[in-house]
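A.B. asks:
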Amino acid sequence: MKNKTFNHEKIEFSNPNFGVVTAQKYPDGSVKNFHEELEIKYYYEGNSAMMIDSQVFALNKGNIVIVNPYEIHTNVNIGDNNGKYYLIILNLDFLSKNNILGLDLRTIFLYNREKLVNFIESDLEVASLIERVCLEVDKKQENYQFMVYALISQLLTILLRKYKSTQKPLLGVNFLDKNVDMIAPA
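Laid out in structure tokens, this is it:
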């Protein structure tokens, strides 16, 4: 039996009070990662593959991938035409700070154990919002943080309405609170 190792990835946010990381990139590496943050990718060119837990997804232009908190995932490079994607990594506390609406991602994903589907074949509305968030963060125009907050609120509302999974995550918050680093070798 092969020794499987998983990397508990520590996501670094340049501004801890603004828990969003965005990028425009190619798939890289084959390390199996997991982290608490929500990860959203929109593939806008080429093709690639990604493994989430034990499921492999073939990815093409227009596909959207969602990695829920604590799902083990890795990019899989295929051929010479690796896909390019927009990436959003979202701290679960991003919307909870000073939020009069009470939308709390930590409660939704960890305590209520909700989960989003991992693969969306095509959704132009969702793709457009992902692209707009990444461009806003990249350009950093005046008051861009207000715009990013509004766009992410809209994006998450659409995802929770249209793409909530019927399958619950295997791990509940009681288990996760004890010691997350213990699940890596499991």
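In this text, residue positions in the sequence shown follow the working numbering: the first is 22, and each later residue adds one. For glycine and all other residues, C-beta sits at the position ideal for the given N, C-alpha and C. Remember, predicted model here, so these are calculated numbers, not experimental data.
(1) For a test of the three-state rule: what should DSSP assign to S69, helix, strand or coil?
(2) Could you tell me the distance, in whole angstroms, from the CA atom of F34 to the CA atom of E60?
(3) Identify, in the order they occur along the chain, each residue of the same chain with its Cβ nearer than 7 Å to the Cβ of Y65, setting aside the five sequence neighbours on each side.
(4) To the nearest angstrom, report how far apart K199 and P90 are at their CA atoms.
(5) Under three-state DSSP, which class holds K161?
(6) From the DSSP output, in three-state form, read off Y170 for me.
(7) Does Y63 pass the burial test, meaning 16 or more other C-beta atoms within 10 Å, or should it be called exposed?
(8) Around the Cβ of S75, are there at least 16 other Cβ atoms within 10 angstroms (buried) or fewer (exposed)?
(9) Considering T95, what are the terminal residues of the beta strand (DSSP E) in which it resides?
(10) Quick one: measure Cβ to Cβ for M72 and V97, integer angstroms, because I've assumed they're closer than 8 Å.
(11) Rounded to whole angstroms, what is the Cα-Cα separation between L131 and S69?
(12) Under a three-way DSSP split, which group does V138 fall into?
(13) Could you pull the DSSP bridge partners for V52 from this structure?
(14) Report the three-state DSSP secondary structure of I179 (helix, strand or coil).
(15) L180 to E146, Cα distance in whole Å?
(16) Report the option in K53, S186, I32, E58 whose CA atom is closest to the CA atom of L113.
C.D. replies: Put simply:
(1) It is a strand residue.
(2) Computed Cα separation, rounded: 13 Å.
(3) If we look at Y65 and ignore the five residues flanking it on each side, its Cβ neighbours are K82, K105, Y106, Y107.
(4) Bear in mind that a pLDDT of 44 at K199, under 50, signals an unreliable position, so the number given afterwards is only what the model happens to contain. Answer to the nearest angstrom: the Cα atoms are 16 Å apart.
(5) In the structure shown, K161 sits in coil (DSSP, three-state: anything other than H, G, I, E or B).
(6) Looking at Y170 - three-state DSSP - the assignment turns out to be helix.
(7) Around the beta carbon of Y63, 16 or more other beta carbons sit within 10 angstroms, so the residue counts as buried.
(8) S75 should be labelled exposed.
(9) DSSP places T95 inside the beta strand (DSSP E), whose first and last residues are 94-97.
(10) About 6 Å; that satisfies the 8 Å criterion.
(11) Roughly 29 Å between the two C-alpha positions.
(12) V138: coil per DSSP, three-state reduction.
(13) Partner(s): none; V52 has no beta bridge.
(14) Of the three classes helix, strand and coil, the one that applies to I179 here is helix, per DSSP.
(15) In this structure, the CA atom of L180 is about 10 Å from the CA atom of E146.
(16) L113 has its Cα closest to that of E58, out of K53, S186, I32, E58.
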